[in-house]
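Accompanying notes for the structure given below.
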Amino acid sequence: YCGLRKGELFGLRWIDIHLDAARLDVNRSYRGRPKNGKPRHVPMNPDLARILRAWKERCPRTDEGLVHPVEAAPGRWRMGSKEDLLDLPKLLRDAGCVVPRKPWHALRHTFAANAVMAGASLYAVQKLLGHASIAMTQRYAHLVGSHEHGTLVSQEHSPLGSLRRMS
Numbered sequence: 002y003c004g005l006r007k008g009e010l011f012g013l014r015w016i017d018i019h020l021d022a023a024r025l026d027v028n029r030s031y032r033g034r035p036k037n038g039k040p041r042h043v044p045m046n047p048d049l050a051r052i053l054r055a056w057k058e059r060c061p062r063t064d065e066g067l068v069h070p071v072e073a074a075p076g077r078w079r080m081g082s083k084e085d086l087l088d089l090p091k092l093l094r095d096a097g098c099v100v101p102r103k104p105w106h107a108l109r110h111t112f113a114a115n116a117v118m119a120g121a122s123l124y125a126v127q128k129l130l131g132h133a134s135i136a137m138t139q140r141y142a143h144l145v146g147s148h149e150h151g152t153l154v155s156q157e158h159s160p161l162g163s164l165r166r167m168s
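When we follow the working numbering, the leftmost residue of the sequence shown carries the number 2, and every step to the right adds one.
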């Protein structure tokens, strides 16, 4: 939904999420500052805002206000790390989806491709993804030569696209 890096996802705190403004602030990663060292603001679509509202009601409370805490021991929660990532490939396989080589990164590429296909400029996508240079964003967006090709690429890396191909 937002093209975050997996470390940024684990670094999210509830103070970073502004549901009424439909925006989240990327101020940190699980290791400290975001990869390029600069915080950024990322808009949320209504679906993500709805999902996060529901999650906030069920999310375990931590002193740090973590959005995605990991259980360290029964009733004790901490910030997650790369080692704690959900087994996304297993979840995708269990759902009958084609598993990309780097599933977390494929989600980021899909976000970028979808943004470009929706008419976002490379500069806007660069800012949303937190890339230090436009050259990196172009590596993501080169997949979208045309809407037809972009749609195929998007579906190739999308769990929903995988499910569509199987039916």
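Backbone N, C-alpha and C fix where the C-beta goes; we use that ideal spot for every residue, glycine too.
- DSSP places L20 in the coil class of the three-state scheme, outside both helix and strand.
- Scanning H69, R62, A119 and R109 for the CA closest to the CA of G76 turns up R62.
- In the same chain as K36, and ignoring 5 residues on each side of it, the C-beta atoms closer than 7 Å to its own belong to R6, S30 and G131, in chain order.
- In the three-state DSSP reduction, E72 falls in the strand class (E or B).
- Take D26, set aside five residues on each side of it, and the residues of its chain with a beta-carbon closer than 7 Å to its own are D17, P40 and H42, in chain order.
- Per DSSP, reduced to three states, the secondary structure at R59 is helical.
- In the same chain as R109, and ignoring 5 residues on each side of it, the C-beta atoms closer than 6 Å to its own belong to G4, in chain order.
- Boundaries of the beta strand (DSSP E) around V43: R41 to P44.
- With 16 or more neighbouring CB atoms inside 10 Å of its own CB, Y141 falls in the buried class.
- Each residue's CA atom was taken as its position, placing N46 and A136 some 26 Å apart.
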